[in-house]
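Trainee: Protein sequences, first through last, are from chains A and B. For the record, in the first sequence the residue sitting at position 114 is 191 according to our numbering, with numbers rising by one throughout. For the record, in the second sequence the residue sitting at position 246 is 270 according to our numbering, with numbers rising by one throughout. Note that CB positions come from ideal geometry on N, CA and C, so glycine has one too.
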Amino acid sequence: MNNLHASSMRADSAKPAVSAGEITVNSVSKSYGAAHFTKDVVRDCSFTIESNKLTVMIGPSGCGKSTLIRLLAGFEMPTSGTIALNGKPITGPGRDRLVVFQESALFPWMSTYDNIMYGPRARGEDNQQARDMAKFLLEKVGLTAFRDKYPPQLSGGMQRRAELARAMINNPDVMILDEPFRGLDAMSKELMWEYYAGLFEESRRTNFFVTTDIDEAIYLADRLLIMTNTPARVRATLEIDIPRPRKIADLFNNERANEVKMEALSLLHEEAMKSFSGGSRAATDFIEAYSKRTTTTPRDGKQPVDP
Amino acid sequence: MNTTTRWRKKLLSKASLRALISIIVFLVLWELGSRSKQWLGFSLPWIGQVPAPTAVLNVWEGLLGNLGYWQSWLFSLGRVVGGFLAAMVIGIPLGLLMAVNKRFHDIVFPSFEVLRPIPPLAWVPASIIFWPTTELSIAFVIFLGAFFTVVINVVSGARSIDVRYFQSAQSMGSSQWDIFRRIVLPATMPSIVVGSAVGMGITWEVVVAAEMISGGGAAGSEGGGLGFFIWNSYIGGAYEQIVVGMISIGIAGYACSTAIRSLGGFFTPWLKKR
C-alpha cells in the first residue's frame, strides 16, 4: 500500500520523485576504547526503519542515539552486527542516507542556494533539472527571498529548513534527523513540527527522527522506538495511529496521544531510574526533566485550577 | 555622491573626533616635553633628547622632495611585499598539506616546531652567510617573519573544521578533491586572513632590523630602505630623520595591514555580511 502511494507520487510530474528505503538493524553492537577499557554504547540492538514511515527514536540523552545515527549514516562501522538498506549492507556514507544534524551543519561560506546545490554540484549534476529542483525546494521551505543570504544571516528555524532542503534535493532513500529542532524556542519548534510533518506527508519518504522530546516524538511519529539507557537497545515499539495531518492540540486533546505519552513516559522513567541507581549523569538530568514535564501547565496559557 | 556623504559621516563621527583629540594631545605633550626638558619641575631623563614634533615635521617637509627618501619607501615596500608573498605562496599550501595529510604532518611538524621559535633577527647572520646577495638575505629574513605565523594559522584553522561539514559533504557524494576545494579551503580562509594580517605586521617589524644589519643594499647609501634610512640617520646624527623614518614605517605598516584586511574581507564575504 505504501509502495502504491510512493509510485503514484512518482507519476505526478510536478512533484519530484521520492525514493523509498527500509533500513534493518540486526543485533548491532558498538563499543569504544581499547582492550580492557571498552565501553559498550550500543549492545545487541535490533530494529527496522520501515519504508515510507516516519520512525521516531526517543531515549534519555547520552543513551547512544547519536552513535546509532553515525552507524546508520556509515560514518562509523558497528563492532558487531549488520545494518542494511533495502537488503544491502551499509559500508560507508552515501547519498541514499542523508543526515540532518543537531545544530545546523550548513556551510557558512555558501549562500542558501549554494548550500542546497551542494549535492548536485558535488556529483557534477549542475544542470537545469537540478537548478529547477533547488528553486522548487527553496519555495517549498519558504526561503526564496533568502536565496543569496549566508547561513549566519538566517534565523535558527530558517537554517533548519534550509538544511532539510539541502538533504531533500539529493532524494535520499532515508532521511536521518538527529534532534534537528533542538535549541529552537518553543514557538519555532512547534512551527517546525507542523512544517516538517507537512513535508513528510507530502513525500512519504522514509524518515528516521531522533529526539529527547516526548511531545515532538508523539506529534511526528508513525512508529515510536523507545530506547533503553546505555548500552542502547530498543526497549519498546509503539505504533502511533493518530490520523494525519495532526494538530498540535492533538497532543493534549487526543486520547490516544495521551495514552501513548503515559506509556512512553513510564517506560522512559523506568530506564532513567535504572541508570540513576548506576549514578549516570544523563539519568539525573532526565529525571529532573521528567518531573518538570508531569507538572506542566496547560497550553491555553491558563494557570492550572485546583478542583 | 552616496560615498561622499558616507565618508563625511565617517570623518565627523565621534570615534574620529576622539582619534583626533588623542593624536593632538600626544603631539602637544611631546612638543612640550622636548622643548622644556622638564615637566612640573621634574627633569625628564629620556624625552628631552627626542627632537620635537615641529622640528621633525620641518625635516620631513624637506625630505618630501628628496628622491632618496621615497626610494627608501619603495625598497622597503618591495622587500616586504616580496617576502610576504613568498611566505603566503609557500606557507599556505604547506599548512594545508600538514592539516590534510597526517603522515606529512608527522614528518614535517617536529622540524617546523624547532625552527618556529627562533626569532627572525637570530636568522640574520646565517642569512647573510647563506644567501649570495644582500637583497636575498634581507628578503629571506622578512619571509621568515611572516612564514611561521601563516603556516601555524593555516594548520590550526584547517584542523579545527567541524567534522560534520566533512560528514555532510561525504554523504552528498563529494570526492576528496571536491571536499578540499569547497570545504577545507573556504573553512580555512578566515584563518588564512588572520595569519596574513599578523604576518604582515611582523614583516614590517623585521624589515628594519634586516636592513640595518645587512647594510642597505646595492643602491647606495641613500637607497637602502626605511630601516637603513633610520640607521644611517643615527650614524650621521640626524635625529629628526630617525623619527621621520620611524613614523614612515608606522604609516607603511598601517597601510599594508589595511590593505590585507580589506582584501581579507573580499575573500571571506560571509563573515562580514550580518
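1. Using only CA atoms, which one of A:296, A:315, A:168 lies nearest to residue 302 (chain A)?
2. What's the C-alpha gap between residue 261 (chain B) and residue 99 (chain B)?
3. When we look at the beta-carbon of residue 272 (chain A) and count the other beta-carbons within 10 Å, is it buried (16 or more) or exposed?
4. What residues are listed by DSSP as bridge partners for residue 284 (chain A)?
5. Using the C-alpha atoms, what's the distance from residue 141 (chain A) back to residue 97 (chain A)?
6. Excluding the 5 residues preceding and the 5 following residue 284 (chain A) in the sequence, name in chain order all residues of the same chain whose CB lies nearer than 6 Å to its CB.
7. Go ahead and label residue 150 (chain A) buried or exposed: buried means 16 or more other beta carbons lie within 10 angstroms of its beta carbon, across all protein chains shown.
8. Are residue 159 (chain A) and residue 103 (chain A) close, meaning C-beta to C-beta below 7 Å?
9. Hey, how far is the Cα of residue 77 (chain B) from the Cα of residue 153 (chain B)?
10. Hey, how far is the Cα of residue 197 (chain B) from the Cα of residue 196 (chain A)?
11. I need the DSSP call for residue 89 (chain B), collapsed to helix, strand or coil.
12. Which class does residue 312 (chain A) belong to by DSSP, given the choice of helix, strand or coil?
13. For a cutoff of 7 Å on Cβ pairs, would you count residue 155 (chain A) as touching chain B?
14. Could you check which residue in A:139, A:233, A:189 has the C-alpha nearest to that of residue 308 (chain A)?
15. Where do the N-terminal and C-terminal ends of the beta strand (DSSP E) with residue 124 (chain A) fall, by residue?
16. In angstroms with no decimal places, state the Cα-to-Cα distance between residue 289 (chain B) and residue 224 (chain B).
17. For residue 311 (chain A), collect the residues of the same chain with a Cβ closer than 6 Å to its Cβ; drop the 5 residues on either side in sequence, then sort them by chain order.
18. Report the residues of the segment 190–214 of chain A with a CB closer than 7 Å to any CB of chain B, ordered along the chain.
19. Measuring only between beta-carbons, confirm whether residue 247 (chain A) sits less than 7 Å from chain B.
20. Is residue 282 (chain B) near the ligand ATP, in the sense that its beta carbon is under 6 Å from a heavy atom of that ligand?
21. Grab the span of the beta strand (DSSP E) containing residue 157 (chain A) for me, first residue to last.
22. At the level of alpha carbons, what is the spacing between residue 268 (chain A) and residue 103 (chain B)?
23. Give me the chain B residues within the contact set of residue 260 (chain A), using Cβ-Cβ distance strictly less than 9 Å, ordered along the chain.
24. When you compare the CB of residue 175 (chain A) with every CB in chain B, is at least one pair closer than 7 Å?
25. I'd like the span of the beta strand (DSSP E) that includes residue 174 (chain A), first residue to last.
Mentor: With the given structure in hand:
1. A:315
2. Using only the alpha carbons, I get a separation of about 23 Å.
3. buried
4. The partner list for residue 284 (chain A) (beta bridge, DSSP) reads A:131, A:252.
5. 26 Å
6. Closer than 6 Å at the Cβ level, and outside the excluded window around residue 284 (chain A), lie 131, 252, 277.
7. buried
8. Yes. Within cutoff.
9. So the alpha carbons of these two residues sit roughly 40 Å apart.
10. 7 Å
11. coil
12. strand
13. no
14. Nearest Cα to residue 308 (chain A) within the set A:139, A:233, A:189: A:139.
15. Bounds of the beta strand (DSSP E) holding residue 124 (chain A) are 116–126.
16. In a straight line, the C-alpha of residue 289 (chain B) is about 16 Å away from that of residue 224 (chain B).
17. 124, 302
18. 195, 196, 199, 200
19. yes
20. Absence of the ligand ATP is noted for the structure shown, with no ligands found whatsoever.
21. 157–162
22. 59 Å
23. Near residue 260 (chain A) there are no residues of chain B at all, since even the closest Cβ is about 15 Å away, more than 9 Å.
24. yes
25. Membership of residue 174 (chain A) in the beta strand (DSSP E) is indicated by the continuous run 174–177.
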